[in-house]
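Student: One structure follows; several queries about it will come next.
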DNA sequence: CAGGCTCCAAATGTATACGATTTGATGAGC
DNA sequence: GCTCATCAAATCGTATACATTTGGAGCCTG
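Chains as they are written, first to last, in this note's numbering: chain A, 1 to 229; chain B, 1 to 229.
In structure tokens:
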């Protein structure tokens with residue numbers, strides 16, 4: 001979190017992070033164009049850096065780059081959306097099980113704090129922050145399971161999930177149903193591997209079931225406005 | 001293989017492909033340094049393009065880039081190696097099941113051809129090509145399962161697997177044990193979902209069991225020699 | 001002679017300049 | 001009035017020049 005004071009040193013990662021946040025909080029909607037020069041002006045860096053950011057986000061699946069056309073916030077199809085949650089369903093239950101077998105009291109305390117922060121964000125009606133924390137909860141489970149590769153991998157899937165929620169979610173407030181997270185923390189505390197696995201499995205199935213076919217298209221957004229806070 | 005004759009039109013992807021092949025065939029060993037200028041000379045392109053390639057390979061997990069230090073062929077730790085195969089064990093059995101339910105006669109014929117090509121490569125003692133085909137077989141299963149996201153994902157894991165084999169394999173020729181692949185194709189042909197899933201599970205477990213703790217370090221290799229064919 | 005310091009060459013990081021492609025508008029022709 | 005060719009502005013792709021960092025050679029010093 002050390003943000004350099006020298007204004008010149010805005011790194012590609014920082015730009016990617018801010019763009020990611022804008023996407024997660026729906027200030028940047030799927031399909032929005034990300035013109036290189038515009039991003040340059042906003043962050044006061046050269047196109048070299050901006051291009052690094054955009055390519056990085058493309059790898060994470062948040063941005064689609066079309067040669068000679070430009071970069072756009074990714075707009076997952078319904079099939080891609082299902083695939084993301086199917087992939088998570090393959091991975092996360094096993095991670096929940098492993099986490100239950102490894103979780104220390106410190107880990108459980110950390111998750112408790114995490115859930116509290118999520119609830120607070122919801123109470124303050126900071127939906128974007130709540131969404132981010134809700135996704136990060138799943139990543140933290142994998143961290144406790146001590147599986148660095150899948151942690152990286154799931155972070156990407158979670159990032160895409162936020163995008164998908166923007167497009168295909170039936171009822172936005174459904175994500176505030178934190179009973180599954182509560183149950184998971186309890187299972188981890190009790191070293192209940194089977195329980196943790198089952199809860200995670202059901203939780204992800206719930207999420208998948210709430211995907212909807214409605215057309216998620218909506219008007220474009222000014223990039224500059226989206227990044228202003 | 002095809003080194004473009006028009007010196008101007010070597011793309012970043014082509015360079016990444018050739019480097020990947022050199023890594024897979026162990027002509028470039030884990031830890032080898034990839035100096036930007038050197039790669040520039042070899043392919044006659046600017047550093048811009050080379051940097052794109054190296055970053056792309058970093059994302060795939062084949063190359064590690066250290067800031068202000070340079071790019072190196074990745075050298076997975078034993079833990080990372082195990083994680084790769086654990087991740088595959090979570091994903092691939094389910095894909096084998098899905099593939100068994102969807103495989104057309106054309107798909108089965110394609111896999112038969114694929115296995116034959118692999119056997120031919122082994123007969124010709126083209127170990128690198130055989131290794132590549134053996135890995136690609138797994139990716140093709142996912143393609144048949146019609147899961148684009150996991151197909152991309154597994155392709156990366158398979159690429160890393162080749163690296164791991166270079167470092168941690170107990171007996172190189174073990175990969176020539178193609179009976180599991182044979183069994184998989186049969187299961188797909190017979191629409192035997194349970195069988196396909198079980199075979200894949202066992203196959204990956206076999207692979208994991210053959211990882212060895214021996215130190216995989218070895219001397220550096222000349223980059224130019226590694227790319228000459 | 002060991003230790004460390006300065007300075008320089010080499011390699012990477014970043015910005016800018018130039019060229020190629022796309023796009024949207026304009027206007028001629030049907 | 002509509003269609004299509006043409007062109008200019010906008011935008012992206014690539015190469016190159018400049019800045020920064022690193023690692024080590026060589027020298028000084030204790």
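Glycine included, C-beta positions come from ideal geometry on N, C-alpha and C.
Please list, in chain order, the chain A residues whose beta carbon lies closer than 7 Å to that of residue 197(B).
Tutor: Among the residues of chain A, none has a CB under 7 Å from the CB of residue 197(B); the nearest is roughly 12 Å distant.
Student: In angstroms with no decimal places, state the Cα-to-Cα distance between residue 89(A) and residue 38(B).
Tutor: 44 Å
Student: Return yes when the Cβ of residue 58(B) is within less than 9 Å of the Cβ of residue 49(B), no when it is not.
Tutor: One thing to note: residue 49(B) has its Cβ no nearer than 9 Å to the Cβ of residue 58(B).
Student: At a CB-CB cut-off below 7 Å, which residues of chain B make contact with residue 144(A)?
Tutor: Those within 7 Å of residue 144(A) in chain B number zero; the least Cβ separation is about 15 Å.
Student: Below 8 Å on C-beta distance, what does residue 94(A) contact in chain B?
Tutor: 90
Student: Which word fits residue 62(B), buried or exposed, when buried means at least 16 other C-beta atoms lie within 10 angstroms of its C-beta?
Tutor: That one is buried.
Student: Just how far apart, CA to CA, sit residue 77(B) and residue 19(B)?
Tutor: 21 Å
Student: Report the residues of the segment 129 to 157 of chain A with a CB closer than 8 Å to any CB of chain B, ordered along the chain.
Tutor: 147, 148, 149, 150, 153
Student: Under 7 Å, CB to CB, which of the residues in the segment 72 to 83 of chain B have a partner in chain A?
Tutor: 80, 83
Student: Can you check whether the C-beta of residue 59(A) is within less than 9 Å of a C-beta belonging to chain B?
Tutor: True, the Cβ-Cβ gap to chain B drops below 9 Å.
Student: For residue 103(B), which residues of its own chain have a beta-carbon under 6 Å away from its beta-carbon, when the five flanking residues on both sides are left out?
Tutor: 144, 188
Student: Take the Cβ of residue 124(B) as the centre, count every other Cβ of all protein chains shown within 10 Å, and call the residue buried at 16 or more, exposed below.
Tutor: Counting Cβ neighbours within 10 Å, residue 124(B) comes out exposed, since fewer than 16 surround it.
Student: Output yes if chain A places a C-beta closer than 9 Å to the C-beta of residue 203(B); else output no.
Tutor: no
Student: Are the C-beta of residue 24(A) and some C-beta of chain B separated by less than 9 Å?
Tutor: no
Student: Please confirm if residue 29(B) has its CB atom under 9 Å from at least one CB of chain A.
Tutor: no
Student: Please confirm whether residue 96(A) and residue 159(A) have their CB atoms less than 9 Å apart.
Tutor: no
Student: Taking C-beta to C-beta, are residue 92(B) and residue 149(A) nearer than 9 Å?
Tutor: no
Student: Would you kindly work out how many angstroms separate the C-alpha atoms of residue 237(B) and residue 43(B), rounded to a whole number?
Tutor: Only positions 1 to 229 of chain B appear in this structure, which leaves residue 237(B) out of reach.
Student: Excluding sequence positions up to five away, which residues of its chain have a Cβ less than 7 Å from the Cβ of residue 151(B)?
Tutor: 139, 142, 143
Student: Should residue 46(B) go down as buried or exposed, given a rule of 16 or more other Cβ atoms within 10 Å for buried?
Tutor: exposed
Student: By Cβ distance, which residues of its chain are closer than 8 Å to residue 110(B), with the 5 residues on each side in sequence left out?
Tutor: 140
Student: Along chain A, in chain order, which residues have C-beta atoms closer than 9 Å to that of residue 87(B)?
Tutor: 91, 147, 149, 150, 153
Student: If contacts are defined as beta-carbon pairs under 8 Å, then residue 193(B) and residue 100(B) qualify, I think. What distance do you get, rounded to the angstrom?
Tutor: 4 Å
Student: Rounded to a whole number of angstroms, what is the C-alpha to C-alpha distance between residue 229(B) and residue 199(B)?
Tutor: Residue confidence is low: residue 229(B) scores 42 on pLDDT, short of 50, so the model does not pin down where it sits. Its coordinate-derived value is still stated next. So the two alpha carbons sit approximately 37 Å from each other.
Student: Taking the alpha carbon of residue 212(A) as the point to measure from, which residue in 31(A), 27(A), 166(A), 68(A) has its own alpha carbon closest?
Tutor: 166(A)
Student: Contact criterion: CB-CB distance below 9 Å. Does residue 44(A) meet it with respect to chain B?
Tutor: no
Student: Quick one: is residue 70(B) buried, meaning 16 or more other Cβ sit within 10 Å of its Cβ, or exposed?
Tutor: That one is exposed.
Student: By alpha-carbon positions, which one of 85(B), 10(B), 157(B) ends up nearest to residue 206(B)?
Tutor: 85(B)
Student: If you draw a straight line from the alpha carbon of residue 134(A) to that of residue 60(B), how long is it in whole angstroms?
Tutor: 27 Å
Student: I'd like the span of the beta strand (DSSP E) that includes residue 64(A), first residue to last.
Tutor: 63 to 66 is the span of the beta strand (DSSP E), which, as asked, contains residue 64(A).
Student: Going by beta-carbon coordinates alone, are residue 54(A) and residue 28(A) separated by less than 9 Å?
Tutor: no
Student: Would a check of beta-carbon distances place residue 106(B) closer than 9 Å to chain A?
Tutor: no
Student: Output yes or no for whether 9 Å exceeds the beta carbon distance between residue 121(B) and residue 112(B).
Tutor: no
Student: Contact defined as beta carbons within less than 8 Å: I believe residue 22(B) pairs with residue 72(B). What is the distance between those atoms, to the nearest angstrom?
Tutor: Going by Cβ atoms, the distance from residue 22(B) to residue 72(B) rounds to 14 Å, so no, they are not a contact pair.
Student: Whose C-beta lies closer than 8 Å to the C-beta of residue 162(B) among residues of the same chain, with five residues either side of it excluded?
Tutor: 23, 24, 131, 132, 135
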